[in-house]
Amino acid sequence: MFVSPPPPTSTKQALPNLLGKRKGHELYTVPEEPSSTPLVSSPHSAQKEFVNAPPEFAHRARDEIRKRLLSRKGDSHPSDDQRSISSGMTHSSFHSDARSVATSGVSSVFSSHPSIVTQSSAATTFIEDDKPRVITLQEALPKVFYDMYTPEILMNPQNLLCNGRPKFTKRELLDWDLNDIRSLLIVEKMRPEWGTYLPQVVFDSAITATDSKGPQCVPEFRIQLLPLNSPDEFIIRTLVESDLYLEAHLDYDFKLTNAKYTVAAARKRHEQLTGLNEPVMHLSKPEWRNIIENYLLNIAVEAQCRFDFKKRCSDYKKWKQEQMEIKRPDMPPPSIIPSRKRENSLLKRTLLKNTAMKLAEDRPCVPPKVSITKEEKASLWSQCQAQVYQRLGLNWTPDGM
251 MFVSPPPPTS TKQALPNLLG KRKGHELYTV PEEPSSTPLV SSPHSAQKEF
301 VNAPPEFAHR ARDEIRKRLL SRKGDSHPSD DQRSISSGMT HSSFHSDARS
351 VATSGVSSVF SSHPSIVTQS SAATTFIEDD KPRVITLQEA LPKVFYDMYT
401 PEILMNPQNL LCNGRPKFTK RELLDWDLND IRSLLIVEKM RPEWGTYLPQ
451 VVFDSAITAT DSKGPQCVPE FRIQLLPLNS PDEFIIRTLV ESDLYLEAHL
501 DYDFKLTNAK YTVAAARKRH EQLTGLNEPV MHLSKPEWRN IIENYLLNIA
551 VEAQCRFDFK KRCSDYKKWK QEQMEIKRPD MPPPSIIPSR KRENSLLKRT
601 LLKNTAMKLA EDRPCVPPKV SITKEEKASL WSQCQAQVYQ RLGLNWTPDG
651 M
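The sequence shown begins at 251 in our numbering and counts up one residue at a time.
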């Protein structure tokens with residue numbers, strides 16, 4: 251490695267006629283006046299002209315050389331002290347970061363680089379914050395509906411409601427508005443602000459109608475994920491396990507049969523539109539929404555018909571009860587009614603009549619049991635279905651029980 255010589259002792263020593271080369275660590279005197287005699291003539295003359303440099307210059311030169319060597323070494327490789335300090339800092343940084351990551355449930359393999367420490371701490375904060383959010387019902391509901399229906403439906407403003415949805419989405423059925431809102435909480439994809447978990451939906455119970463005699467009734471709302479390219483089995487399971495008409499307590503077999511029928515009809519329409527028989531349907535947004543609304547309509551009609559049927563059966567039983575309790579004239583049993591051929595006295599006939607009336611009064615008044623036959627139930631069920639279909643404008647045919 252090249253090392254520059256120490257600085258000259260005076261400005262006069264740096265003369266242009268200095269031609270001789272110094273050997274080793276020997277220092278020679280330079281004449282103050284110019285002379286034609288060569289500086290190095292012989293070893294004997296060199297010994298005579300040799301002068302020892304002052305100790306302060308030697309120490310200064312040594313210090314200067316050491317400083318330059320250390321500075322160049324520091325640029326290329328850190329010194330041992332610096333390496334030990336850096337290693338200690340890295341070791342402590344590793345333990346500190348490992349403790350913080352272990353606390354938050356995230357393990358890190360290395361943390362020596364500052365950027366890695368920053369990324370791991372950021373990931374720790376993200377994991378701590380990445381929990382199911384709690385949002386209100388207004389925040390969970392979609393704001394626009396134009397992508398849920400075909401352009402042919404949306405082009406006619408007369409067929410639209412004030413919220414931009416078609417008029418057929420408003421039905422005069424039992425608890426329709428509540429369950430229509432629940433159907434809108436079935437989404438095809440996650441929103442960016444939700445993170446990686448489906449949020450929890452809260453409902454303001456202050457605006458819920460309450461019963462003065464019973465506890466407050468708060469409906470349940472839940473977001474469900476149903477992608478557009480879901481298999482048929484997943485679509486069926488999502489519909490059956492949804493909260494649609496939860497309060498109607500419809501049996502599982504009916505909901506499963508209804509969901510299978512709805513998905514099968516949707517697959518048939520999808521094949522007619524695309525001309526493809528795909529194992530997994532890649533639905534458009536209107537097709538996807540049509541499956542949900544058809545399933546909702548089917549179980550809503552069923553819930554309405556069952557509600558009307560129970561009421562109709564109760565009214566029919568009351569009518570039969572009233573018919574059986576119609577008061578008839580008090581008459582004795584036919585066995586004790588005297589024959590006309592017998593000429594009994596008036597006293598005897600009066601006694602017989604009073605005896606029959608007394609027996610009727612002593613008999614406990616038990617209301618007769620009223621029942622409805624299967625034929626009557628089937629007739630009432632068909633009447634309920636026909637009335638609901640007619641009110642909704644559906645060309646459905648009433649089925650049996």
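C-beta: ideal position from N, C-alpha, C; glycine also.
Tell me the rounded alpha-carbon separation between residue i and residue j.
i: residue 537; j: residue 571; result: 51 Å
i: residue 501; j: residue 605; result: 57 Å
i: residue 486; j: residue 506; result: 7 Å
i: residue 560; j: residue 627; result: 10 Å
i: residue 649; j: residue 391; result: 36 Å
i: residue 489; j: residue 467; result: 24 Å
i: residue 385; j: residue 433; result: 17 Å
i: residue 402; j: residue 426; result: 25 Å
i: residue 522; j: residue 508; result: 22 Å
i: residue 322; j: residue 311; result: 17 Å
i: residue 646; j: residue 504; result: 18 Å
i: residue 599; j: residue 625; result: 46 Å
i: residue 643; j: residue 519; result: 22 Å
i: residue 431; j: residue 412; result: 16 Å
i: residue 441; j: residue 481; result: 22 Å
i: residue 531; j: residue 639; result: 31 Å
i: residue 514; j: residue 404; result: 26 Å
Spatial neighbours of residue i within its chain, please: CB distance less than 7 Å, with the 5 preceding and 5 following residues excluded, ordered by chain position.
i: residue 470; result: 493 and 496
i: residue 498; result: 553
i: residue 524; result: none
i: residue 641; result: 422
i: residue 630; result: 559, 562, 563 and 566
i: residue 428; result: 469
i: residue 510; result: 486
i: residue 632; result: 648
Would you mind stating whether residue i and residue j have Cβ atoms separated by less than 8 Å?
i: residue 540; j: residue 516; result: yes
i: residue 453; j: residue 533; result: no
i: residue 406; j: residue 417; result: no
Between the options, which has its C-alpha nearest residue i's C-alpha?
i: residue 420; options: 637, 555, 543 and 633; result: 543
i: residue 397; options: 427, 535 and 560; result: 535
i: residue 473; options: 622, 383, 632 and 603; result: 383
i: residue 529; options: 567, 562, 483 and 569; result: 483
i: residue 451; options: 312, 389 and 504; result: 389
i: residue 620; options: 574, 633, 435 and 404; result: 574
i: residue 637; options: 625, 551 and 624; result: 551
i: residue 622; options: 569, 639, 600 and 644; result: 569
i: residue 436; options: 503, 491 and 643; result: 491
i: residue 443; options: 381, 314 and 625; result: 381
Here's a check: name, in chain order, each residue in its chain whose Cβ is nearer than 6 Å to the Cβ of residue i, leaving out the five neighbours to either side.
i: residue 414; result: 395
i: residue 448; result: 473
i: residue 424; result: 553, 554 and 557
i: residue 716; result: Outside the shown range of the chain (251 to 651) lies residue 716, about which nothing can therefore be said.
Buried or exposed: where does residue i fall if 16 or more other Cβ atoms within 10 Å of its Cβ makes it buried?
i: residue 545; result: buried
i: residue 308; result: exposed
i: residue 476; result: buried
i: residue 659; result: Past the edges of the chain, shown from 251 to 651, lies residue 659, and the structure says nothing about it.
i: residue 320; result: exposed
i: residue 549; result: buried
i: residue 527; result: exposed
i: residue 512; result: buried
i: residue 547; result: buried
i: residue 634; result: buried
Is residue i a contact residue of the ligand MN, with contact defined as CB to any heavy atom under 7 Å?
i: residue 537; result: Among the ligands in the structure shown, none appear at all, so the ligand MN cannot be discussed.
At least one CB of chain B closer than 8 Å to the CB of residue i: is that the case?
i: residue 440; result: Any reference to chain B falls outside this structure, which holds one protein chain only.
Ordered along the chain, which non-local residues of its own chain (more than five positions away) have a Cβ less than 8 Å from that of residue i?
i: residue 400; result: 536
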